[in-house]
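Under the numbering used here, the first residue of the sequence shown carries the number 1362, and numbering increases by one thereafter. Think of the CB as a built atom: it goes at the ideal place given N, C-alpha and C, for glycine as much as any other residue. Note that this is a predicted model, so its numbers are computed, not measured. Structure first, then comments.
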Amino acid sequence: MTEALMFDLDNTLYSEKSGMETRVLRAINEFVGAILDLPPDKANRVRREGVRYYGTTLEWLIFEKGFDDSEAYFSYIHPEEEAELLGPDPELKAILDSLPYPKIVLTNSPFEHAQRVLAALGVEDRFQAIYDIRFNGLVGKPHPKSFLRAIEAAGFKVESTVFVDDLPKYILGYQALGGRSILKDEGRRFLDKGFERIESLAELNFLL
Ligand SMILES: [Mg+2]
1362 MTEALMFDLD
1372 NTLYSEKSGM
1382 ETRVLRAINE
1392 FVGAILDLPP
1402 DKANRVRREG
1412 VRYYGTTLEW
1422 LIFEKGFDDS
1432 EAYFSYIHPE
1442 EEAELLGPDP
1452 ELKAILDSLP
1462 YPKIVLTNSP
1472 FEHAQRVLAA
1482 LGVEDRFQAI
1492 YDIRFNGLVG
1502 KPHPKSFLRA
1512 IEAAGFKVES
1522 TVFVDDLPKY
1532 ILGYQALGGR
1542 SILKDEGRRF
1552 LDKGFERIES
1562 LAELNFLL
């Protein structure tokens, strides 16, 4: 039985068509390129190869590349004006309000990014709490602890908390704990992978 909802932030609470994540990714590749002394496109290839074994690019940089300035990383990839690509989303607000469960956000981004995004969308008061990458000691999804710490802090239980994310890697991580997860597959990229999936959050009403 569903008693609570745990949402990813980026490309889950807003559309990938916003261009927000594309911009973040460009900044990540610039940052990685500067550290590894590579042009951004080459940095992207190296990063994508390396990050397969980690939850995030930052983790990979820390554990494989000896990087130790996470705050510089966050401020470069999440500049203060970053949420300008997003605007108020009354439909999202209505969808959230139609789901009668307490809700939290679990994100591999820093808190200030999540705050800016939720404020831009106009839904910051619809969530009980935001659990960010610092909360998880910079080791985020799909590590079991990242899910478990957020759920415990929120007073939820894995067996009754449904997790919604746009990345299969994180969906699988929560499933491994015995939790129910739903993939937001806006781009219809994972039709045949056997995930419980939706293309927009409005569909949650039919599944919960
Ligand atoms: Mg996401």
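How would you call P1440, buried or exposed, if buried means at least 16 neighbouring beta carbons within 10 angstroms?
Working through the sequence shown from its first residue, we reach residue 1440 at position 79. Counting of Cβ neighbours within 10 angstroms places P1440 among the exposed residues, the total staying below 16.
Is D1371 a contact residue of ligand 3, with contact defined as CB to any heavy atom under 7 Å?
Ligand 3 is absent from the structure shown, which contains only ligand 1.
Can you have a look at T1383 and say buried or exposed, based on whether 16 or more other CB atoms are within 10 angstroms of its CB?
Residue mapping note: residue 1383 aligns to position 22 of the sequence shown, counting from 1. Exposed is the call here.
Straight-line Cα distance separating L1397 from E1564
In the sequence shown, counting from the first residue as 1, residue 1564 sits at position 203. In the sequence shown, counting from the first residue as 1, residue 1397 sits at position 36. Here the alpha carbons of L1397 and E1564 stand approximately 42 Å from one another.
From the DSSP output, which residues share a beta bridge with K1464?
For the purposes of this step, residue 1464 is identified with residue 103 of the sequence shown, where counting begins at 1. Beta-bridge pairing links K1464 to L1366.
Option nearest D1402 by Cα separation, candidates A1481, L1386, E1473, A1537
Taking the first residue of the sequence shown as position 1, residue 1402 is located at position 41. Of all alpha-carbon atoms in A1481, L1386, E1473, A1537, the one lying nearest the alpha-carbon of D1402 is that of L1386.
Can you tell me whether V1523 is helix, strand or coil according to DSSP?
Here residue 1523 refers to the residue found at position 162 when the sequence shown is read from its first residue. In this structure, V1523 counts as strand in the three-state DSSP scheme.
Element boundaries [beta strand (DSSP E), containing Y1492]
Position 131 of the sequence shown, counted from the start, is the residue given in the question as residue 1492. In the DSSP annotation of this structure, the continuous segment of the beta strand (DSSP E) that includes Y1492 starts and ends at 1490-1492.
Give me the Cα-Cα distance between F1551 and L1399, rounded to the nearest whole angstrom.
On the sequence shown, position 190 is the one that residue 1551 refers to. On the sequence shown, position 38 is the one that residue 1399 refers to. So the alpha carbons of these two residues sit roughly 32 Å apart.
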